Amino acid sequence: MAGHSKWANIQHRKGRQDEKRGKVWTRIIREITVAARQGGPDVTANPRLRLAIDKAKAANMPADRIKYNVDKASGNLEGVDYEEIRYEGYGIGGAAIIVDTMTDNRVRTVAEVRHAFSKHGGNLGTEGSVAFQFKHCGQLVFAPGTSEDKVMEVALEAGAEDVVADDDGALEVLTAPGDFETVKNALEAAGLVPELAEVTMRAENPIDLSGEDAERMQKLLDVLEDLDDVQAVYHNAVMGD
Numbered sequence: 261m262a263g264h265s266k267w268a269n270i271q272h273r274k275g276r277q278d279e280k281r282g283k284v285w286t287r288i289i290r291e292i293t294v295a296a297r298q299g300g301p302d303v304t305a306n307p308r309l310r311l312a313i314d315k316a317k318a319a320n321m322p323a324d325r326i327k328y329n330v331d332k333a334s335g336n337l338e339g340v341d342y343e344e345i346r347y348e349g350y351g352i353g354g355a356a357i358i359v360d361t362m363t364d365n366r367v368r369t370v371a372e373v374r375h376a377f378s379k380h381g382g383n384l385g386t387e388g389s390v391a392f393q394f395k396h397c398g399q400l401v402f403a404p405g406t407s408e409d410k411v412m413e414v415a416l417e418a419g420a421e422d423v424v425a426d427d428d429g430a431l432e433v434l435t436a437p438g439d440f441e442t443v444k445n446a447l448e449a450a451g452l453v454p455e456l457a458e459v460t461m462r463a464e465n466p467i468d469l470s471g472e473d474a475e476r477m478q479k480l481l482d483v484l485e486d487l488d489d490v491q492a493v494y495h496n497a498v499m500g501d
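Be aware that the sequence shown starts at 261, since it is given in the working numbering, and climbs by one per residue.
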């Protein structure tokens with residue numbers, strides 16, 4: 261199955277994350293906190309916590325800091341109580357945007373998200389206004405040049421739903437959220453290490469933006485991602501030159 265070109269967008273996103281390492285740690289700590297509080301501190305019985313700890317290790321977070329935050333979330337230490345809130349809206353050219361937040365102050369968060377949208381050419385929508393344009397799934401992305409036959413053989417055998425060859429040569433392996441870990445482990449055991457691996461909201465209907473529209477959209481996304489309470493921003497824009 262063929263798909264849109266998104267390799268450049270993924271590389272840009274990874275670069276942005278590398279630039280904001282401290283903020284990445286803050287988001288991971290919140291994810292660990294909520295995962296441990298909801299599913300308990302036992303990593304073997306809590307897949308969400310396993311994924312959060314994997315993210316922490318990939319971001320070079322020290323093991324003692326990971327353990328500290330699991331203990332804090334589990335009630336062994338005092339901590340902040342976060343709630344998860346999802347916002348939906350539109351960006352430049354009608355592009356769809358989902359903003360996932362974790363906050364201890366819902367009034368502050370919605371005000372900041374609404375301000376970011378309105379100041380930078382977007383519109384905050386109502387619940388369900390754009391979510392139907394995304395699929396909740398596991399996504400593993402391999403660099404252009406990776407053997408499609410090998411990826412497809414290992415991924416489908418491990419239970420993946422699909423392997424998508426993008427226009428730029430990158431490969432995407434898509435899974436049900438519950439199968440993500442199994443498929444990821446099988447691929448890595450076969451020597452196939454993805455550039456990006458996460459459970460995400462994947463856009464079903466990408467919109468191409470270029471020139472000034474692409475620049476304005478990227479500015480809006482950057483502002484949203486820089487908000488303290490924002491955990492993740494998903495969108496269906498494919499930014500060209």
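For glycine and all other residues, C-beta sits at the position ideal for the given N, C-alpha and C.
Keep in mind it's a predicted model, so treat the numbers as computed, not measured.
In the three-state scheme derived from DSSP, where H, G and I count as helix and E and B as strand, Leu-416 is classed as helix. Under the three-state reduction of DSSP, Leu-452 is assigned to coil, being neither helix nor strand. Inclusion of Gln-478 and Arg-287 in the CB contact set at 8 angstroms is not warranted, their separation being larger than that value. For Ala-316, the uninterrupted alpha helix (DSSP H) run begins and ends at 307-318, by DSSP. Note that the C-beta distance between Met-362 and Asp-482 is not below 8 angstroms. Under the three-state reduction of DSSP, Thr-369 is assigned to helix.
Per DSSP, Gln-478 is one residue of the alpha helix (DSSP H) stretching across 471-486. The beta carbon of Asp-360 sits closer than 6 angstroms to those of Arg-346, Gln-491 and Ala-492, all from its chain and outside the five residues before and after it, given in chain order.
Judged by DSSP in its simplified three-state form, Glu-344 adopts strand.
Approximately 10 angstroms separates the beta-carbon atoms of Leu-400 and Ala-446; this is outside 8 angstroms, ruling out the contact. In this model, Leu-416 and Ala-371 are separated by some 44 angstroms (Cα to Cα).
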